[in-house]
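Chemist:
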Amino acid sequence: MTTDQRIRFLVKPAVFVLCLGPLAWIIGRALTIGLGANPIEYSNRYLGDWALRFILIALAVTPGREILGWSWLARLRRMLGLFAFAYVVLHVLSYVGLDQFFDWWAIGGEILKRQYITVGMIAVTLLIPLAITSTNGMVRRMGGRAWQRLHRLAYVIGMLGCLHFYMMVKSDTREPIIYASILACLLGYRLIAAGRRRLARNRRNTPQPA
Amino acid sequence: MLIKSIRASDAKPSEITPKSVYMDRRRFLQTAAAGAALASFANGPAGAAKIDGIKKWPGSLTSEKLTPLDSIASYNNFYEFGTDKSDPVRNARFFMPRPWTVAIGGEVAKPATVDLDALLKPHTPEERIYRMRCVEAWSMVIPWVGIPLADVLKRFEPTSKAKFVAFETLNDPKRMPGQAVPSLQWPYVEGLRIDEAMHPLTLLAVGIYDEDMPNQNGAPLRLVVPWKYGFKGIKSIVKISLVEKQPPTSWNIAAPNEYGFFSNVNPKVDHQRWSQAKERRSGEFLRRDTLMFNGYGDEVASMYTGLDLKANY
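Listed in order, the protein sequences are those of chains Z and U.
Whatever position you read off the first sequence (first residue = 1), add 2 for the numbering used here.
Whatever position you read off the second sequence (first residue = 1), add 17 for the numbering used here.
(1) On the DSSP bridge assignment, give the partners of residue 243 of chain U in chain order.
(2) Restricting to runs no shorter than 3 residues, where is the beta strand (DSSP E) found entirely within the stretch 159-226 of chain U?
(3) Listed from N- to C-terminal order along the chain, which residues in the stretch 300-320 of chain U have their beta-carbon within a distance smaller than 7 angstroms of any beta-carbon of chain Z?
(4) Does residue 121 of chain Z get closer than 8 angstroms to chain U when you measure Cβ to Cβ?
(5) For my contact list, residue 267 of chain U and residue 213 of chain U are in at a C-beta cut-off of 8 angstroms; report their separation, rounded to the angstrom.
(6) Between residue 89 of chain U and residue 229 of chain U, how many whole angstroms is the CB-CB distance? I'm expecting something under 8 angstroms.
(7) Helix, strand or coil, according to DSSP, for residue 294 of chain U in the structure here?
(8) With distances taken between CB atoms, is the gap from residue 86 of chain Z to residue 130 of chain Z smaller than 8 angstroms?
(9) Between the C-alpha atoms of residue 177 of chain Z and residue 126 of chain U, what's the straight-line distance to the nearest angstrom?
(10) Measure the beta-carbon distance from residue 97 of chain U to residue 186 of chain U and round it to whole angstroms, keeping in mind my assumption that it falls under 8 angstroms.
(11) Could you please tell me which residues of the stretch 187-206 of chain U, in chain order, have their CB closer than 8 angstroms to any CB of chain Z?
(12) Closest Cβ-Cβ distance between residue 125 of chain Z and chain U: below 8 angstroms?
(13) Tell me, please, whether the CB atom of residue 103 of chain Z is closer than 8 angstroms to any CB atom in chain U?
(14) Under a three-way DSSP split, which group does residue 391 of chain U fall into?
(15) By alpha-carbon positions, which one of Z/116, Z/152, Z/45 ends up nearest to residue 89 of chain Z?
(16) Just to confirm before moving on: does the CB-CB distance between residue 254 of chain U and residue 238 of chain U stay below 8 angstroms?
(17) Straight-line CA distance for residue 252 of chain U to residue 242 of chain U?
(18) Would you verify that the beta carbon of residue 161 of chain U is, or is not, closer than 8 angstroms to some beta carbon of chain Z?
(19) If you run the structure through DSSP and keep just helix, strand and coil, what is residue 120 of chain U?
(20) Please state the DSSP three-state secondary structure of residue 74 of chain U.
(21) Can you tell me whether residue 199 of chain Z is buried or exposed, with buried defined as 16 or more other CB within 10 angstroms of its CB?
(22) For the pair the stretch 147-157 of chain U and the stretch 108-123 of chain U, tell me if three or more CB-CB distances fall below 8 angstroms.
(23) Just how far apart, CA to CA, sit residue 98 of chain Z and residue 293 of chain U?
(24) Please decide whether residue 20 of chain Z counts as near chain U, where near means a Cβ-Cβ distance under 8 angstroms.
(25) Does any residue of chain Z bring its CB to less than 8 angstroms from the CB of residue 253 of chain U?
(26) Closer than 7 angstroms by C-beta to residue 191 of chain Z: which residues in its own chain qualify, once you throw out the five before and the five after it? Chain order, please.
(27) Quick check: the Cα distance between residue 302 of chain U and residue 43 of chain Z, rounded to an integer number of angstroms?
(28) Would a C-beta distance cut-off of 8 angstroms place residue 296 of chain U and residue 103 of chain U closer than the cut-off?
(29) Kindly indicate which residue of U/283, U/324, U/299, U/320 has the alpha-carbon position closest to the one of residue 311 of chain U.
(30) What is the DSSP secondary structure of residue 313 of chain U, counted as helix, strand or coil?
(31) Helix, strand or coil for residue 55 of chain U? Go by DSSP, reduced to three states.
(32) Is the beta carbon of residue 95 of chain U closer than 8 angstroms to that of residue 235 of chain U?
(33) According to the neighbour-count rule (16 or more other Cβ atoms, all chains shown, within 10 Å of its Cβ), is residue 72 of chain Z buried or exposed?
(34) Please state whether DSSP places residue 115 of chain U in a helix, a strand or coil.
(35) Any C-beta of chain Z sitting closer than 8 angstroms to the C-beta of residue 271 of chain U?
(36) Check whether the stretch 160-168 of chain Z and the stretch 118-133 of chain Z are in contact - that is, three or more C-beta pairs closer than 8 angstroms.
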């Protein structure tokens with residue numbers, strides 16, 4: 003088996019199944035012991051947690067690849083990003099369909115009135131173009147540079163996601179701060195790496211003293 | 018002859034869990050809990066003890082379905098045992114609610130520090146079924162066992178200077194592991210105006226479903242003020258002080274723009290981050306309308322005439 007085949011036939015399917023794990027777990031729990039005294043809140047929170055986790059996982063691909071030297075990680079990036087989108091969609095569906103039971107008036111009011119929901123909804127909206135342009139065809143049509151520029155929105159989405167979580171908790175901010183710290187590391191790494199690249203480029207371009 | 022009139026809002030016989038099913042479940046849970054306690058910790062608590070001589074209070078809410086005990090005892094906001102609602106049931110497992118003393122002082126003629134059992138002895142425990150509305154927009158119907166706070170306070174003879182009552186929870190991070198974290202300012206403190214404290218609905222609760230208060234629900238002694246949001250019902254009380262000035266309250270200290278001193282249930286005054294117009298009753302799918310004063314307006318509204326309830330949230 004070549005490396006390419008290993009990734010295509012072993013790694014990717016395995017990661018795909020792993021990514022379905024959290025969804026399978028909550029469905030299994032709902033069907034057996036149930037989701038507790040407030041199952042809808044449980045579902046909202048659980049899916050929201052995983053949406054944010056997958057956003058961070060997808061954002062960890064590039065630093066992980068460069069730090070560990072595992073170039074093949076890049077081939078999982080799209081799938082992980084789409085799983086992040088899928089869990090975000092499930093989180094929103096849980097809110098819209100279970101929590102508010104499609105009461106569009108109430109939902110509209112909440113989006114406008116409650117800042118943490120506004121922030122969350124902006125993040126969801128920004129994710130949509132990223133999901134749409136995730137195919138090979140779209141990358142080709144847009145051109146690599148434009149595609150990459152658009153997909154930098156993922157950084158903003160990560161920040162909005164963490165902010166949404168932080169604004170939503172009552173008084174114990176430890177958990178959202180952990181998520182925000184991880185995001186800060188992932189984005190900070192990119193800033194440093196970009197700075198280094200620029201420095202290296204400048205050095206190459208300036209004439210060296212003889 | 019007694020003829021029971023049936024209101025449309027009354028629970029249908031089919032909606033009530035048969036006592037035998039409920040008791041079987043209780044027995045199973047008790048056996049399981051006792052077994053787990055024995056297996057894991059020799060000095061762990063035994064199953065909950067039944068409270069003797071409970072008198073049924075005639076004002077109990079009978080038209081709404083009781084929330085099952087496992088919901089009441091597994092979904093708790095009790096930050097002393099962790100900030101997640103599933104934390105307290107786990108972290109309070111080995112909490113020992115006895116021996117327990119309560120200090121009653123301040124503006125009273127007879128201040129005293131009393132053993133809890135001595136404090137309760139002169140009173141007959143009553144079963145009172147109340148709605149419980151959490152500030153987070155969920156609600157339950159709970160059969161509390163307790164005694165009116167007023168009956169207890171009167172024994173200590175409040176003076177004319179007693180305008181408010183201040184309550185304090187145990188502060189002991191060794192027994193309450195959540196207090197190792199500054200998720201709130203410890204100890205938890207709460208307060209009522211004297212007329213609210215003396216109101217016949219205000220209860221010092223010692224149990225649920227005819228049994229001792231589960232640790233995670235505030236054992237051994239907690240406050241229940243059914244027309245206010247649940248966080249006013251301070252748990253594991255060790256100190257009750259009658260005071261002249263309005264006392265500080267924990268959630269008000271943590272977020273003054275979100276939690277006021279009064280915190281009366283009010284569907285027209287939203288929380289900063291969510292609406293209070295509706296609530297999700299535990300066990301129900303669709304939200305139901307939240308009632309003014311949680312449905313206890315006839316009894317309590319007169320205490321607030323002339324008070325701007327929007328400003329005094």
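Cβ coordinates follow ideal geometry from the N, Cα and C atoms, glycine included.
Treat the numbers as computed from the prediction; the structure is a model and nothing was measured.
Modeler: Let me lay it out:
(1) DSSP, once it has assigned bridges, lists no residue as partnering residue 243 of chain U.
(2) 181-186, 206-210, 220-225
(3) 303
(4) no
(5) Going by Cβ atoms, the distance from residue 267 of chain U to residue 213 of chain U rounds to 17 angstroms, so no, they are not a contact pair.
(6) Not a contact, Cβ separation roughly 14 angstroms.
(7) coil
(8) no
(9) 48 angstroms
(10) 7 angstroms
(11) 198, 200, 201
(12) no
(13) yes
(14) The structure shown does not extend to residue 391 of chain U, since chain U is modelled only from 18 to 330, so the question has no answer here.
(15) Z/45
(16) yes
(17) 12 angstroms
(18) no
(19) strand
(20) coil
(21) exposed
(22) no
(23) 18 angstroms
(24) no
(25) no
(26) 65
(27) 11 angstroms
(28) no
(29) U/283
(30) coil
(31) Low confidence applies to residue 55 of chain U: its pLDDT is 43, below 50, so where it sits in the model is not reliable enough to give any reading.
(32) yes
(33) exposed
(34) coil
(35) yes
(36) yes
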